[in-house]
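Here the sequence shown stands for residues 1 to 874, numbered as in UniProt numbering. Glycine is no exception: its CB is placed at the ideal position from the N, C-alpha and C atoms. Accompanying notes for the structure given below.
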Amino acid sequence: MHMLRRDKKEEEEGGGNPFHNLEKSVVLQETRLFNETPINPKKCGHILTKLLYLINQGESIGTTEATEAFFAMTKLFQAKDPVLRRLVYLGIKEMSKIANDVIIVTSSLMKDMTGKDDQFRGPAIRALCSITDNTMLQSIERYMKQAIVDKNHAVSSAALVSSLHLSKGSQDVIKRWVNEAQEAVSSDNIMVQYHALGLLYHIRKYDRLAVTKLVSKFSKHSLKSPYAYCLLIRIASKLMEEEGAGTDSPMFDFIENCLRHKSEIVIYEAAHAIVNLKNTTAKELSSAVPVLQLFCSSPKPTLRFAAIRTLNKVAMKHPSVVSSCNLELENLITDTNRSIATLAITTLLKTGSESSVDRLMKQISSFMNEISDEFKIVVVQAIQSLCLKFPRKHNVLMNFLSSMLRDEGGFDYKKAIVESVITIIEENPEAKEAGLGHLCEFIEDCEHTVLATKILHLLGREGPRTPTPSKYIRFIYNRVILENAAVRAAAVTALAKFGAHCEELLPSCSVLLERCLLDTDDEVRDRATFYVDVLKQKQKALNSAYILNGLQVSVVGLERALHNYTLEPSEAPFDLKTVPLDTQPVSEQKVREPGDSVSKATDKVVASTQDIYAERLAAVPEFSNLGSLFKSSSLPVELTESETEYMVQCVKHCFGRYMVFQFDCTNTLNDQVLENVTVHMDPAEGFDVMKYVQCPSLPYNKPGTTYTMVRLPEDPTQVTGTFSCTLKFIVKDCDPNTGEADDDGYEDEYVLEDVEVTVADHVQRVIKPNFGGAWEEIGPENELEDTFALSTVKSLEEAVKNIIQFMGMQPCERSDKVQEGKSSHSLFLSGVYRGGHDALVRAKLAMSDSGVTMQLTVRSTDPYVSEVLVTAIG
Numbered sequence: 001m002h003m004l005r006r007d008k009k010e011e012e013e014g015g016g017n018p019f020h021n022l023e024k025s026v027v028l029q030e031t032r033l034f035n036e037t038p039i040n041p042k043k044c045g046h047i048l049t050k051l052l053y054l055i056n057q058g059e060s061i062g063t064t065e066a067t068e069a070f071f072a073m074t075k076l077f078q079a080k081d082p083v084l085r086r087l088v089y090l091g092i093k094e095m096s097k098i099a100n101d102v103i104i105v106t107s108s109l110m111k112d113m114t115g116k117d118d119q120f121r122g123p124a125i126r127a128l129c130s131i132t133d134n135t136m137l138q139s140i141e142r143y144m145k146q147a148i149v150d151k152n153h154a155v156s157s158a159a160l161v162s163s164l165h166l167s168k169g170s171q172d173v174i175k176r177w178v179n180e181a182q183e184a185v186s187s188d189n190i191m192v193q194y195h196a197l198g199l200l201y202h203i204r205k206y207d208r209l210a211v212t213k214l215v216s217k218f219s220k221h222s223l224k225s226p227y228a229y230c231l232l233i234r235i236a237s238k239l240m241e242e243e244g245a246g247t248d249s250p251m252f253d254f255i256e257n258c259l260r261h262k263s264e265i266v267i268y269e270a271a272h273a274i275v276n277l278k279n280t281t282a283k284e285l286s287s288a289v290p291v292l293q294l295f296c297s298s299p300k301p302t303l304r305f306a307a308i309r310t311l312n313k314v315a316m317k318h319p320s321v322v323s324s325c326n327l328e329l330e331n332l333i334t335d336t337n338r339s340i341a342t343l344a345i346t347t348l349l350k351t352g353s354e355s356s357v358d359r360l361m362k363q364i365s366s367f368m369n370e371i372s373d374e375f376k377i378v379v380v381q382a383i384q385s386l387c388l389k390f391p392r393k394h395n396v397l398m399n400f401l402s403s404m405l406r407d408e409g410g411f412d413y414k415k416a417i418v419e420s421v422i423t424i425i426e427e428n429p430e431a432k433e434a435g436l437g438h439l440c441e442f443i444e445d446c447e448h449t450v451l452a453t454k455i456l457h458l459l460g461r462e463g464p465r466t467p468t469p470s471k472y473i474r475f476i477y478n479r480v481i482l483e484n485a486a487v488r489a490a491a492v493t494a495l496a497k498f499g500a501h502c503e504e505l506l507p508s509c510s511v512l513l514e515r516c517l518l519d520t521d522d523e524v525r526d527r528a529t530f531y532v533d534v535l536k537q538k539q540k541a542l543n544s545a546y547i548l549n550g551l552q553v554s555v556v557g558l559e560r561a562l563h564n565y566t567l568e569p570s571e572a573p574f575d576l577k578t579v580p581l582d583t584q585p586v587s588e589q590k591v592r593e594p595g596d597s598v599s600k601a602t603d604k605v606v607a608s609t610q611d612i613y614a615e616r617l618a619a620v621p622e623f624s625n626l627g628s629l630f631k632s633s634s635l636p637v638e639l640t641e642s643e644t645e646y647m648v649q650c651v652k653h654c655f656g657r658y659m660v661f662q663f664d665c666t667n668t669l670n671d672q673v674l675e676n677v678t679v680h681m682d683p684a685e686g687f688d689v690m691k692y693v694q695c696p697s698l699p700y701n702k703p704g705t706t707y708t709m710v711r712l713p714e715d716p717t718q719v720t721g722t723f724s725c726t727l728k729f730i731v732k733d734c735d736p737n738t739g740e741a742d743d744d745g746y747e748d749e750y751v752l753e754d755v756e757v758t759v760a761d762h763v764q765r766v767i768k769p770n771f772g773g774a775w776e777e778i779g780p781e782n783e784l785e786d787t788f789a790l791s792t793v794k795s796l797e798e799a800v801k802n803i804i805q806f807m808g809m810q811p812c813e814r815s816d817k818v819q820e821g822k823s824s825h826s827l828f829l830s831g832v833y834r835g836g837h838d839a840l841v842r843a844k845l846a847m848s849d850s851g852v853t854m855q856l857t858v859r860s861t862d863p864y865v866s867e868v869l870v871t872a873i874g
């Protein structure tokens, strides 16, 4: 205790960290005092503490310095002071990672390990195992086995934990200690039992049958350790997940029985495991929820927090199950722990009824200023979910979100609110005007450039289509006057979109844009000049192409195409149609939108999957003259069952006049090597197989790729077909252990599933933010229309899903969302057909007694494309 006493003077100075000004060189010099005789335990202990502090703070100590300090530290074994000896053990464990020849202390540690002083034995075992390698392990094996079953619980636990660490590099040796570990499981000490069970599991974890037996055995024995029970529950739930077992499994019965255990830790662990099982139903949760409900009334804050956090997770998928706990949850709203109160209120928001929304909002507002941004974000997400659940309450909820926007808070918090408001606007058309109004007020005082540009981009997209678009102009132009260059650039683009979409606002927007021609920032000036010139033309097609709908090309592909163009000078102008289209979903787009900030353009651009495929195919000499890759299928098609001897997947790559089929093959037989592997295809009518690119060798469990190139039909309307496929190869038997193959082999083949080429394989998805503008831009020249009766489809949602999947086109203006209770719906699709032809589809759907009736209208820049798409459904 004398070491912990502080002088009165130190207390007056306020204390602090006594080691914060340590210098490594000074401390290493001080370690020389370890060599003095007689040893001063107090002084040496203080120096050793400083050295350990430096190491744990991440201070880099050289190998030579560490070795010198380590050898000096070994002299301290002469002292019998217990505090100093424990510090020496800690020093050995830390220094063993950086010093050389640390095995010199082995004999001293083994002496302490087998000595009579119990307070030295456990730490000595831990230190010894930290310096022991595979070659030395057998020399201490006998001592370790004895220590595992030692009567002293601290020694036994130290040996078990050390064995667990040693098993990472010496699994075979540790397996021989299984009998001692099983004996330790029957110990009456809860920590020894827990550590022994953990060691047994790690010894057997690669043998599923052995692990199953382990759980079955100990689930029937009454373990004393609640920690061991918790570990057993985790092992059982992991087994259930791997096996895909359901509630009829004995593992589930064991977990459910643990809900009636006397220990609160075990009860919660069991409830938590049931809640986290995959595909749990309300019926399966009915046993866990009442337990968590009881914990909500516990006097222990930790239990209340654990219970409410788990119930919050359940409420995301099964709110009706948690609604029985609403009384307990309402009591927790006033909990002194604000984290518990926040989780309680957000859970109530998920489980509450429409009539309780107003009351809950009042209760939330009372403590919003008392919680951290992290928990405020949880509340925001809960309010968003509630607004989507009860659309008629959007006014109350959005007013509350608006008031939160005006409060103090960090970037992540404000970003969460803005994204929630945007989501509500997109999901609920009735909330659009109110939401845009709240966001306009926010950007008046917004200090975050990213959020301001995001909102301006939204205003440019949604504002012109509101009943009174002129009211947003003032807010946008204020940004041009008051903000930084990035926000001014986004505001200029938003103004241009209003001018392009609304003819009555065109003169006003043109005047405001002309005022930006003398801006101090070059990007703002360039955007303003470009937009003014386009708007002066007063052509809807130009407005749609260059203002309302941005470029849809891959940034990586554009960069590569421009680079190649500069390397090979040509009199022909650069053709944008040679650039691959952007294949990212809209929510993850890396392409810079016209309304985005300047700073966003400097973000690192990530290559899409198609960019990677394009590079890989360009490296194959046989495909060098095919031109640029138009489209690759998003998901590979499985051509074999998962358990067969050969596994084959197909990816379809579409070029202008050709299609390349990529077959990724895996040989699952360890006694065979396949050579000259190809997939022979029997082509559909009109298609011609041109080339096969072999996979030279396919050893066991090493994926290989072979390609088949097919020329597309001359008839532009013939684009679909079915190909029968056969895997052909030369088989050579090999030694399963060495992988050496025989010299002689024989030809063999394996029949695969058929591969289908559909309309969707020829169409690339692109988003048109303003579908109406794009529809006018293409014009009615190549328009085709037809009516279909979809008799097999039973709902509008199913019809929408099937049409999108079959056409392979991108839904625009959130037309893939069908409003509940509606009997009719309009679906807008956009895409680019092979060859760079823009294509738009407008499908008007209506429910009828016999199914769904659809009026399909297609517009394209090519008449054949319109014909292909309009006949695709039939």
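What separation, rounded to the nearest whole angstrom, lies between the Cα atoms of THR453 and LYS497? Taking the sequence shown and counting its residues from 1, one reaches residue 453 at position 453. Taking the sequence shown and counting its residues from 1, one reaches residue 497 at position 497. One C-alpha to the other measures close to 14 angstroms.
Are the beta-carbon atoms belonging to ILE417 and VAL380 less than 8 angstroms from one another? Position 417 of the sequence shown, counting from 1, holds the residue named residue 417. Position 380 of the sequence shown, counting from 1, holds the residue named residue 380. Taking 8 angstroms as the Cβ cut-off, ILE417 and VAL380 qualify as a contacting pair.
For VAL693: DSSP bridge partner residues: One-based indexing of the sequence shown puts residue 693 at position 693. Here VAL693 is bridged, per DSSP, to TYR707.
Buried or exposed by the 16-neighbour rule on C-beta atoms within 10 Å, applied to VAL27: Here residue 27 refers to the residue found at position 27 when the sequence shown is read from its first residue. It is buried - the Cβ of VAL27 has at least 16 other Cβ atoms within 10 Å.
Is it true that the CB of ILE255 sits closer than 8 angstroms to the CB of ALA245? For the purposes of this step, residue 245 is taken as residue 245 along the sequence shown, with counting starting at 1. For the purposes of this step, residue 255 is taken as residue 255 along the sequence shown, with counting starting at 1. Taking 8 angstroms as the cut-off, the Cβ atoms of ALA245 and ILE255 do not count as close.
Meets three-Cβ-pair contact criterion under 8 angstroms: the region 792-803 and the region 682-692: Flag = no, the region 792-803 and the region 682-692 do not touch.
Which listed residue (ASN276, VAL322, SER508) has its alpha carbon closest to that of CYS296: By 1-based counting over the sequence shown, the position of residue 296 is 296. Scanning ASN276, VAL322, SER508 for the CA closest to the CA of CYS296 turns up VAL322.
Is it right to say SER791 is buried, meaning 16 or more other beta carbons lie within 10 angstroms of its own, or is it exposed? Reading the sequence shown from its first residue, position 791 is the one you call residue 791. Result: exposed.
contact_flag[the region 627-638, the region 564-573] where n(CB pairs < 8 angstroms) is 3 or more: Touching, no.
Endpoints, the beta strand (DSSP E) within which ILE730 is located: Taking the sequence shown and counting its residues from 1, the one referred to as residue 730 is at position 730. For ILE730, the enclosing beta strand (DSSP E) covers residues 721-733.
Apply the 10 Å Cβ neighbour rule to GLN662 and answer buried if 16 or more other Cβ atoms are within range, or exposed otherwise. Residue numbering aside, residue 662 sits at position 662 when the sequence shown is read from its first letter. Under the 10 Å beta carbon count, GLN662 is surrounded by 16 or more other beta carbons and is classified as buried.
DSSP on GLY851, reduced to helix/strand/coil? For the purposes of this step, residue 851 is taken as residue 851 along the sequence shown, with counting starting at 1. DSSP, read as helix, strand or coil, puts GLY851 in strand.
Got a sec, what are the start and stop residues for the alpha helix (DSSP H) PHE254 sits in? Reading the sequence shown from its first residue, position 254 is the one you call residue 254. Per DSSP, the continuous alpha helix (DSSP H) segment holding PHE254 begins and ends at 250-257.
Just how far apart, CA to CA, sit THR706 and MET681? One-based indexing of the sequence shown puts residue 706 at position 706. One-based indexing of the sequence shown puts residue 681 at position 681. Cα-Cα distance, rounded: 12 angstroms.
Quick check on SER420: buried or exposed, where buried means 16 or more other Cβ atoms within 10 Å of its Cβ? Position 420 of the sequence shown, counting from 1, holds the residue named residue 420. Buried is the call here.
Buried versus exposed, by CB contacts within 10 Å (16 or more), residue 881: As shown, the chain starts at 1 and ends at 874. That puts residue 881 outside it, with no answer to give.
Bridge partners of GLY831, per DSSP? Against the sequence shown, residue 831 aligns to sequence position 831. GLY831 is bridged to ARG765, ALA839.
How is the beta strand (DSSP E) around CYS502 delimited, first residue to last? If you number the sequence shown from 1, residue 502 lands on position 502. Going by DSSP, CYS502 is part of no beta strand (DSSP E) at all; its letter is neither H nor E.
Beta strand (DSSP E) runs wholly inside the region 32-87, at least 3 long, in chain order: Unbroken beta strand (DSSP E) runs of no fewer than 3 residues, entirely contained in the region 32-87, are not found.
Would LEU109 and ALA124 be called neighbours here (beta carbons separated by less than 8 angstroms)? By one-based count along the sequence shown, residue 109 stands at place 109. By one-based count along the sequence shown, residue 124 stands at place 124. By the CB criterion at 8 angstroms, LEU109 and ALA124 fall inside the cutoff.
Whole angstroms is fine: what's the gap from TYR194's alpha carbon to ASN279's? Residue mapping note: residue 194 aligns to position 194 of the sequence shown, counting from 1. Residue mapping note: residue 279 aligns to position 279 of the sequence shown, counting from 1. When rounded, the distance between both Cα atoms is 30 angstroms.
Kindly give me the distance between the Cβ atoms of CYS654 and HIS825, rounded to whole angstroms, as I take these residues to be in contact under 8 angstroms. Position 654 of the sequence shown holds residue 654. Position 825 of the sequence shown holds residue 825. Distance from CYS654 to HIS825 at the Cβ level is roughly 30 angstroms; contact not present, criterion being Cβ atoms closer than 8 angstroms.
Taking DSSP's pairing of strands, which residues face LYS540 in a bridge? Stepping through the sequence shown from its first residue, residue 540 is reached at position 540. For LYS540, DSSP records no beta bridge to any residue.
Would you kindly check if the distance between the Cβ of ILE47 and the Cβ of LEU33 is under 8 angstroms? Counted from its first residue, the sequence shown places residue 33 at position 33. Counted from its first residue, the sequence shown places residue 47 at position 47. Result yes, Cβ atoms of LEU33 and ILE47 sit closer than 8 angstroms.
Given that a residue counts as buried once 16 or more other Cβ atoms are within 10 Å of its Cβ, and exposed if not, what is GLU781? Against the sequence shown, residue 781 aligns to sequence position 781. The residue in question, GLU781, is exposed, as its Cβ has fewer than 16 Cβ neighbours within 10 Å.
Limits of the unbroken alpha helix (DSSP H) element including THR864: Translated into the one-based positions of the sequence shown, residue 864 becomes position 864. The question names Thr, but residue 864 is Tyr in the sequence shown. That run of the alpha helix (DSSP H) goes 863-872.
Taking 7 angstroms as the limit between beta carbons, can you name the residues of its chain near CYS695, skipping five residues before and five after? Residue 695 sits at position 695 when you count from the first residue of the sequence shown. Within the same chain, CYS695 has close Cβ partners CYS665, VAL677, GLY704, THR705, THR706.
Identify every run of the alpha helix (DSSP H) within the region 381-432, keeping only runs that are complete inside it and at least 4 residues long; order them along the chain. At a cut-off of 4 residues, the continuous stretches assigned as alpha helix (DSSP H) that sit fully inside the region 381-432 are 394-406, 411-427.
Counterpart residues of GLN171 in DSSP-defined beta bridges: Start at 1 with the first residue of the sequence shown, and residue 171 comes out as number 171. In the DSSP output, where bridge partners are listed per residue, GLN171 has none listed.
For ALA485, which of LEU518, CYS509, PRO467, LEU506 has the nearest alpha-carbon? Indexing the sequence shown from 1 puts residue 485 at position 485. Nearest option by C-alpha distance: LEU518.
Rounded separation between ILE778 and VAL858 - CA only: Here residue 778 refers to the residue found at position 778 when the sequence shown is read from its first residue. Here residue 858 refers to the residue found at position 858 when the sequence shown is read from its first residue. Roughly 10 angstroms between the two C-alpha positions.
Need the endpoints of the alpha helix (DSSP H) that GLU559 sits in, please. Start at 1 with the first residue of the sequence shown, and residue 559 comes out as number 559. Its alpha helix (DSSP H) spans residues 555-567.
If I follow the unbroken beta strand (DSSP E) through LYS652, where does it start and stop? Start at 1 with the first residue of the sequence shown, and residue 652 comes out as number 652. From DSSP, the beta strand (DSSP E) with LYS652 extends over 646-654.
Where VAL534 and LEU542 are concerned, what is the direct C-alpha to C-alpha distance, given to the nearest angstrom? Residue 534 sits at position 534 when you count from the first residue of the sequence shown. Residue 542 sits at position 542 when you count from the first residue of the sequence shown. Spanning the two alpha carbons is a distance of roughly 7 angstroms.
For ASP575, which beta-bridge partners are listed by DSSP? Within the sequence shown, the letter at position 575 stands for residue 575. DSSP lists no partner for ASP575.
So that I know if they touch, is there some Cβ in chain C lying closer than 8 angstroms to that of GLY409? The chain inventory of the structure shown lacks chain C, comprising one protein chain alone.
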